[in-house]
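Visitor: Protein chains in written order, with the UniProt record's numbering: chain A, 1 to 422; chain B, 1 to 422. Quick one: structure below, then a few questions.
Protein chains: 2
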Amino acid sequence: MSVRAGIVVTGTEVLTGRVADANGPWVADRLLELGVELAHITICGDRAADIEAQLRFLAAEGVDLIVTTGGLGPTADDMTVEIVARFCGRELTLDIELEAKIAAILKKLMARFSGVDFDAVRAANRKQAMVPVGADILDPVGTAPGVVVPGAPTVLVLPGPPRELQAMWPAAIANDAVQRAIVGRTIYRQATVRMFGLAESGLAETLREAESISGFTDLEITTCLRRGEVEMVTRYEPHSVAAYEKLMDLVRARHGDMVFSEDGSLIDDLVARLLSGRRIATAESCTAGLLVARLTDQPGASAYVAGAVVAYANEAKADVLGVDSALIDAHGAVSQEVAEAMAAGALRRFGADTAVAITGIAGPGGGTEAKPVGTVWFCVALADGTAVSRAVRLPGERADIRERSTTVAMHLLRRILLGLRD
Amino acid sequence: MSVRAGIVVTGTEVLTGRVADANGPWVADRLLELGVELAHITICGDRAADIEAQLRFLAAEGVDLIVTTGGLGPTADDMTVEIVARFCGRELTLDIELEAKIAAILKKLMARFSGVDFDAVRAANRKQAMVPVGADILDPVGTAPGVVVPGAPTVLVLPGPPRELQAMWPAAIANDAVQRAIVGRTIYRQATVRMFGLAESGLAETLREAESISGFTDLEITTCLRRGEVEMVTRYEPHSVAAYEKLMDLVRARHGDMVFSEDGSLIDDLVARLLSGRRIATAESCTAGLLVARLTDQPGASAYVAGAVVAYANEAKADVLGVDSALIDAHGAVSQEVAEAMAAGALRRFGADTAVAITGIAGPGGGTEAKPVGTVWFCVALADGTAVSRAVRLPGERADIRERSTTVAMHLLRRILLGLRD
Numbered sequence: 001m002s003v004r005a006g007i008v009v010t011g012t013e014v015l016t017g018r019v020a021d022a023n024g025p026w027v028a029d030r031l032l033e034l035g036v037e038l039a040h041i042t043i044c045g046d047r048a049a050d051i052e053a054q055l056r057f058l059a060a061e062g063v064d065l066i067v068t069t070g071g072l073g074p075t076a077d078d079m080t081v082e083i084v085a086r087f088c089g090r091e092l093t094l095d096i097e098l099e100a101k102i103a104a105i106l107k108k109l110m111a112r113f114s115g116v117d118f119d120a121v122r123a124a125n126r127k128q129a130m131v132p133v134g135a136d137i138l139d140p141v142g143t144a145p146g147v148v149v150p151g152a153p154t155v156l157v158l159p160g161p162p163r164e165l166q167a168m169w170p171a172a173i174a175n176d177a178v179q180r181a182i183v184g185r186t187i188y189r190q191a192t193v194r195m196f197g198l199a200e201s202g203l204a205e206t207l208r209e210a211e212s213i214s215g216f217t218d219l220e221i222t223t224c225l226r227r228g229e230v231e232m233v234t235r236y237e238p239h240s241v242a243a244y245e246k247l248m249d250l251v252r253a254r255h256g257d258m259v260f261s262e263d264g265s266l267i268d269d270l271v272a273r274l275l276s277g278r279r280i281a282t283a284e285s286c287t288a289g290l291l292v293a294r295l296t297d298q299p300g301a302s303a304y305v306a307g308a309v310v311a312y313a314n315e316a317k318a319d320v321l322g323v324d325s326a327l328i329d330a331h332g333a334v335s336q337e338v339a340e341a342m343a344a345g346a347l348r349r350f351g352a353d354t355a356v357a358i359t360g361i362a363g364p365g366g367g368t369e370a371k372p373v374g375t376v377w378f379c380v381a382l383a384d385g386t387a388v389s390r391a392v393r394l395p396g397e398r399a400d401i402r403e404r405s406t407t408v409a410m411h412l413l414r415r416i417l418l419g420l421r422d
Numbered sequence: 001m002s003v004r005a006g007i008v009v010t011g012t013e014v015l016t017g018r019v020a021d022a023n024g025p026w027v028a029d030r031l032l033e034l035g036v037e038l039a040h041i042t043i044c045g046d047r048a049a050d051i052e053a054q055l056r057f058l059a060a061e062g063v064d065l066i067v068t069t070g071g072l073g074p075t076a077d078d079m080t081v082e083i084v085a086r087f088c089g090r091e092l093t094l095d096i097e098l099e100a101k102i103a104a105i106l107k108k109l110m111a112r113f114s115g116v117d118f119d120a121v122r123a124a125n126r127k128q129a130m131v132p133v134g135a136d137i138l139d140p141v142g143t144a145p146g147v148v149v150p151g152a153p154t155v156l157v158l159p160g161p162p163r164e165l166q167a168m169w170p171a172a173i174a175n176d177a178v179q180r181a182i183v184g185r186t187i188y189r190q191a192t193v194r195m196f197g198l199a200e201s202g203l204a205e206t207l208r209e210a211e212s213i214s215g216f217t218d219l220e221i222t223t224c225l226r227r228g229e230v231e232m233v234t235r236y237e238p239h240s241v242a243a244y245e246k247l248m249d250l251v252r253a254r255h256g257d258m259v260f261s262e263d264g265s266l267i268d269d270l271v272a273r274l275l276s277g278r279r280i281a282t283a284e285s286c287t288a289g290l291l292v293a294r295l296t297d298q299p300g301a302s303a304y305v306a307g308a309v310v311a312y313a314n315e316a317k318a319d320v321l322g323v324d325s326a327l328i329d330a331h332g333a334v335s336q337e338v339a340e341a342m343a344a345g346a347l348r349r350f351g352a353d354t355a356v357a358i359t360g361i362a363g364p365g366g367g368t369e370a371k372p373v374g375t376v377w378f379c380v381a382l383a384d385g386t387a388v389s390r391a392v393r394l395p396g397e398r399a400d401i402r403e404r405s406t407t408v409a410m411h412l413l414r415r416i417l418l419g420l421r422d
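Next comes the structure, spelled out in structure tokens:
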């Protein structure tokens, strides 16, 4: 037995992409945590016919719970409660107690603005106190109350502002009608494995091989190529743990050296941990600061990031990093020799014990036959004299090459700090 | 007459919110530009029954065009083409020519990985060469081809990686069957105006004033706060051009100094043009390379970007940029004095004629009562001795503050290079 849900996101600004929808993914996450299977997210504009069509669609698909977000405001384009009432075959009725509650909230809110006609505002907001007969009311966080309409499916109506929606969630889930709707939910486990240096099709081959594992079909596996890494997420019920462990044995046997995370950690987290107690500097050419920006995305990075030199021009490589111009003349700026000299320069310049240098051709111009666009040299150098260099040829366009370069650098850095050799 | 479309976004990673969907909003934007009305975006996981249900729903809603994204990869959870074929009542057939094309792409790609069994990979990818009978093929950008299945509705099947989808879009829209599906679209003009330094509510007031303009109600105006800039997008049919021009007269009269773009140009484009013939360096603390990375996003930036020093640690400010430690002791690292010294150091260090320095508190730690998190000092210095400093207090969290700081710096730079004074 399992429980399925659907999410209806309303709002023209979200449909047209002017505002990114934060509610769909957030509610999806909460439902998954609860063990409710999410079947569909649908997004539509503030049009009655489209909202109603989505409700009918989800009901026809047999979901047990529909969560709607948005359309609870006071203006004419806010119509979710009215449409849900019609969809559920219930009349709207004015809830006097709720109206008083909203009026009290508004009075406080309006006190901050001068020259507002309070009665006019309250009349506009009376609309928000109209609820379907027999529905449960969730207290407003802003001015809009949430509504639960019991039934099959049960409909949970939540406000659009993410802050209000998220604050209302605990009360929504505690509601009896919602609890009854999701009573048959399954508790899932979810495991994430991340790999680097592996083509997605290589993993596909391993997964085909895994089909012979007993219970394999009970594992819900999704794979995804992201920022140059392959991510494999598996959802399974507790009784399938043995199948999952056999799968992981196979994945480790085939791709062990490429698996860098089995507990959900990102490469950024792993590198941050490895850098604790160290002092790192970067020397960047084609990435032009993206690596140091990525390292300092982490709160607290100032404990181990000293700084960086972006040496975009060749003179800057020589003047600021102390790279011998003769090296650049002899080997070109994109070369092992220059990457090594840049890393050494960063160590010296910042008194660092760890340095990463990146020099490459991000394009669109600047490529040659020997060094086409996408050619990038990396060097990781440590104060003990360790220096490991590597060249890659990255696909894609300028932005891809620059971004992917930071990922390659993060992984190289991880391996060197772990004492692995490439 | 109007043309309606629906978008089906597939992918368990998107449904569950592990990956933010970039394709729905992007395709929505493109369809709106074309004058196609978007009715629904639906998102589902990699489950055949759910994908098919969404296709049926959109067809029942009478859309003329369905665009699907994702599910074209080589693994078993990629099944969009197969399901679309079934939905359209067409057999799948192996396209020999397409198979050869994909094999050639893979051969090149695989050359970068060692120890991969090429034949096995090719077999996995044969799946990608299976297309519905009578469908048109859109050449792969990665390894996955797009597919157009003519009919009512016409179904346009596009790959999930945004880079591939976006690169395939022009060919998709040029396709005859797609053109036939959207032939009744309304041709709109769309104009974008960008402002900086203006609250969205200030613009809202101007728009209320604009209601007296004759024909104003025929303008479809949306405003949006983005990256600290206010963007106003107006869609209108050609006969409303006079109303739009009157609106712009009013906007210029009210907010002239804040309007920086009326032709769609981004601040990045404007700054790139202004930097032509110059030589710029940045000195960054809290932004840690984000500004120089943003400047070098532009192809050809090597003509005017010399480099940058990220001086994250205070010693780096002193050692690498030559900031007098006494200044830091006296005024703190986040101060006008230090911002000015950093800019001067960048000019000197790189032999630049233009420098931007940023020093601030991105949080979460490090804030004080006098200088709370979000306090950022900027200085733009030119070789002629001009130096303009400014402090702002930015809202939001670490990532917001860092990103918003680069926007403030870009605008300050534009104004100084134009000879405007703040």
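Glycine included, C-beta positions come from ideal geometry on N, C-alpha and C.
1) Would you please verify whether the beta carbon of Phe196 of chain A is less than 9 Å from any beta carbon of chain B?
2) Quick check on Pro170 of chain A: does DSSP put it in helix, strand or coil?
3) Using a C-beta cutoff of 9 Å, does Ala316 of chain B count as contacting chain A?
4) Give a yes or no on whether the minimum CB-CB distance between Val376 of chain A and chain B is below 9 Å.
5) What are the boundary residues of the beta strand (DSSP E) that Ser261 of chain A is part of?
6) Which chain B residues are close to Ile43 of chain A, counting only those with a beta carbon under 8 Å from its beta carbon?
7) Could you list the residues in the stretch 213 to 230 of chain A with a C-beta less than 9 Å from some C-beta on chain B, going in chain order?
8) Using the rule of at least 16 other Cβ atoms within 10 Å of the residue's Cβ for burial, across every protein chain shown, is Gly24 of chain B buried or exposed?
9) For Arg189 of chain B, does the three-state DSSP call read helix, strand or coil?
10) Mind reading off the beta-carbon distance from Leu290 of chain B to Arg189 of chain B? Whole number of angstroms is fine, and I expect it under 8 Å.
11) Am I right that Val147 of chain A and Val131 of chain A are in contact with their C-beta atoms under 8 Å? What's the rounded C-beta distance?
12) Comparing the C-beta of Gln336 of chain A with each C-beta of chain B, is any distance below 9 Å?
13) To the nearest angstrom, how far is the alpha carbon of Leu272 of chain B from that of Pro299 of chain B?
14) Name the chain A residues whose beta carbon is nearer than 8 Å to that of Gly264 of chain B?
15) So is Ser212 of chain B buried or exposed if we call it buried at 16+ other beta carbons inside 10 Å?
16) Count the other CB atoms, across all protein chains shown, that sit within 10 Å of the CB of Gln179 of chain B; report buried if there are 16 or more and exposed otherwise.
17) Less than 9 Å between the C-beta atoms of Gly374 of chain B and Gly345 of chain B, yes or no?
18) For the stretch 283 to 303 of chain B, which residues have a beta carbon sitting closer than 8 Å to at least one beta carbon of chain A?
19) Let me see if you follow: with CB-CB separation under 9 Å, is Thr16 of chain A close to chain B or not?
20) At 8 Å on the CB atoms, spell out the chain A contacts of Asp29 of chain B, in chain order.
21) Which value, in whole angstroms, describes the spacing of the CA atoms of Thr223 of chain A and Arg415 of chain A?
22) Any idea if residue 444 of chain B is buried or exposed, counting beta-carbon neighbours within 10 angstroms, 16 or more meaning buried?
23) Is there a Cβ from chain B that is less than 9 Å from the Cβ of Phe260 of chain A?
24) If you draw a straight line from the C-alpha of Pro150 of chain A to the C-alpha of Gly6 of chain A, how long is it?
25) So Arg278 of chain A and Thr354 of chain A are in contact, right, with Cβ under 8 Å, and what is the actual spacing, rounded?
26) Between Ala318 of chain B and the rest of its own chain, which residues show a CB-CB distance below 6 Å, the 5 nearest in sequence each way excluded?
27) Identify whether Ile96 of chain A lies in helix, strand or coil by the three-state DSSP scheme.
28) Between the Cα of Ile358 of chain A and those of A:Lys371, A:Gly365, A:Leu138 and A:Ala341, spot the shortest distance and give me the residue it belongs to.
29) Check Gly6 of chain A in the structure and name its three-state DSSP category.
30) Are there 16 or more other CB atoms within 10 angstroms of the CB of Arg4 of chain B, so buried, or fewer, so exposed?
31) Evaluate Ala135 of chain B with the Cβ neighbour count: other Cβ atoms within 10 Å of its Cβ, from every protein chain shown; 16 or more gives buried, anything less gives exposed.
32) Starting from Gly345 of chain B, trace the alpha helix (DSSP H) in both directions and tell me its first and last residue.
33) Let's see if you can read the secondary structure: which residues bound the alpha helix (DSSP H) around Met410 of chain B?
34) Just to check my reading of the structure: Ser405 of chain A and Gly360 of chain A have Cβ atoms closer than 8 Å, yes? What is that Cβ distance to the nearest angstrom?
35) Going by DSSP, what residues sit across from Leu58 of chain B in a beta bridge?
36) Answer with yes or no whether the minimum CB distance from Arg185 of chain A to chain B is below 9 Å.
Guide: Working from what's here:
1) As a working mapping, residue 196 of chain A is identified with position 196 in the first sequence. Any Cβ of chain B closer than 9 Å to the Cβ of Phe196 of chain A would place that residue at the interface, and such an atom is absent.
2) Residue numbering aside, residue 170 of chain A sits at position 170 when the first sequence is read from its first letter. Per DSSP, reduced to three states, the secondary structure at Pro170 of chain A is helical.
3) Position 316 of the second sequence, counted from the first residue, corresponds to residue 316 of chain B. True, the Cβ-Cβ gap to chain A drops below 9 Å.
4) Residue 376 of chain A sits at position 376 when you count from the first residue of the first sequence. In terms of beta-carbon proximity, Val376 of chain A stays away from the interface with chain B, with every pair separated by 9 Å or more.
5) To locate residue 261 of chain A, count along the first sequence from 1; it is residue 261. Boundaries of the beta strand (DSSP E) around Ser261 of chain A: Val259 to Ser261.
6) Taking the first sequence and counting its residues from 1, the one referred to as residue 43 of chain A is at position 43. Here the neighbours are Gly24, His40, Ile41, Thr42 and Ile43.
7) Result list: Glu220, Ile221, Thr222, Thr223, Cys224, Leu225 and Arg226.
8) As a first step, residue 24 of chain B must be located in the second sequence, where it is residue number 24. Gly24 of chain B comes out buried.
9) If you number the second sequence from 1, residue 189 of chain B lands on position 189. Residue state, collapsed to three classes: strand.
10) Here residue 290 of chain B refers to the residue found at position 290 of the second sequence. Here residue 189 of chain B refers to the residue found at position 189 of the second sequence. Not really, about 35 Å apart at Cβ, beyond 8 Å.
11) The residue labelled residue 147 of chain A in the question sits at position 147 within the first sequence. The residue labelled residue 131 of chain A in the question sits at position 131 within the first sequence. Sure, about 6 Å apart at Cβ, within 8 Å.
12) In the first sequence, counting from the first residue as 1, residue 336 of chain A sits at position 336. Gln336 of chain A does not count as touching chain B.
13) Position 272 of the second sequence, counted from the first residue, corresponds to residue 272 of chain B. Position 299 of the second sequence, counted from the first residue, corresponds to residue 299 of chain B. Looking at the sequence shown, residue 272 of chain B is not Leu but Ala. Straight-line measurement puts the Cα of Pro299 of chain B at about 10 Å from the Cα of Ala272 of chain B.
14) As a working mapping, residue 264 of chain B is identified with position 264 in the second sequence. Simply none; closest approach about 15 Å.
15) Locating residue 212 of chain B in the second sequence gives position 212, where the first residue counts as 1. Residue environment for Ser212 of chain B: exposed (fewer than 16 other C-beta atoms within 10 angstroms of its C-beta).
16) As a position in the second sequence, residue 179 of chain B is number 179, starting the count at 1. With fewer than 16 Cβ atoms within 10 Å of its Cβ, Gln179 of chain B is classed as exposed.
17) Here the question's residue 374 of chain B lines up with position 374 in the second sequence. Here the question's residue 345 of chain B lines up with position 345 in the second sequence. No, these two residues do not count as a Cβ contact at 9 Å.
18) Under the 8 Å Cβ criterion, the stretch 283 to 303 of chain B contributes Glu284, Thr287, Ala288, Gly289, Leu290, Leu291, Val292, Ala293, Leu295, Thr296, Asp297, Pro299, Gly300, Ala301 and Ser302.
19) Along the first sequence, read from residue 1 onward, the residue named residue 16 of chain A stands at position 16. Chain B has a Cβ within less than 9 Å of the Cβ of Thr16 of chain A.
20) Here residue 29 of chain B corresponds to residue number 29 of the second sequence, with the count starting at 1. Listed along chain A are Thr16 and Gly17, each with a C-beta nearer than 8 Å to that of Asp29 of chain B.
21) Position 223 of the first sequence holds residue 223 of chain A. Position 415 of the first sequence holds residue 415 of chain A. When rounded, the separation of the alpha-carbon atoms in Thr223 of chain A and Arg415 of chain A is 24 Å.
22) Chain B is shown from 1 up to 422; residue 444 of chain B falls before or after that span and cannot be answered.
23) Counting from 1 along the first sequence, the entry for residue 260 of chain A is found at position 260. False, the Cβ-Cβ gap to chain B never drops below 9 Å.
24) Along the first sequence, one-based indexing puts residue 150 of chain A at 150. Along the first sequence, one-based indexing puts residue 6 of chain A at 6. In this model, Pro150 of chain A and Gly6 of chain A are separated by some 15 Å (Cα to Cα).
25) Walking along the first sequence from the start, residue 278 of chain A turns up at place 278. Walking along the first sequence from the start, residue 354 of chain A turns up at place 354. About 5 Å separates the two Cβ atoms, so the contact holds.
26) For the purposes of this step, residue 318 of chain B is taken as the residue at position 318 of the second sequence. So the qualifying residues of the chain are Ser325.
27) As a working mapping, residue 96 of chain A is identified with position 96 in the first sequence. Looking at Ile96 of chain A - three-state DSSP - the assignment turns out to be helix.
28) Your numbering for residue 358 of chain A matches position 358 in the first sequence. Looking at the Cα atoms, A:Ala341 is the closest of the given residues.
29) Here residue 6 of chain A is taken as the residue at index 6 of the first sequence, counted from 1. It is a strand residue.
30) To locate residue 4 of chain B, count along the second sequence from 1; it is residue 4. Residue environment analysis places Arg4 of chain B among the buried positions, since at least 16 neighbouring C-beta atoms fall within 10 angstroms of its C-beta.
31) Counting from one through the second sequence, the residue named residue 135 of chain B turns up at place 135. A residue is called buried once 16 or more other Cβ atoms fall within 10 Å of its Cβ, and Ala135 of chain B is buried on that count.
32) For this step, residue 345 of chain B is matched to residue 345 along the second sequence. That run of the alpha helix (DSSP H) goes Gln336 to Phe350.
33) Along the second sequence, one-based indexing puts residue 410 of chain B at 410. Looking at the DSSP string, the run of the alpha helix (DSSP H) that includes Met410 of chain B is Arg398 to Leu417.
34) Taking the first sequence and counting its residues from 1, the one referred to as residue 405 of chain A is at position 405. Taking the first sequence and counting its residues from 1, the one referred to as residue 360 of chain A is at position 360. The beta carbons of Ser405 of chain A and Gly360 of chain A sit about 6 Å from each other, so the pair counts as a contact at 8 Å.
35) Position 58 of the second sequence, counting from 1, holds the residue named residue 58 of chain B. Looking at the DSSP assignment, Leu58 of chain B forms no beta bridge with any residue, so it has no partner.
36) Position 185 of the first sequence, counted from the first residue, corresponds to residue 185 of chain A. Not an interface residue.
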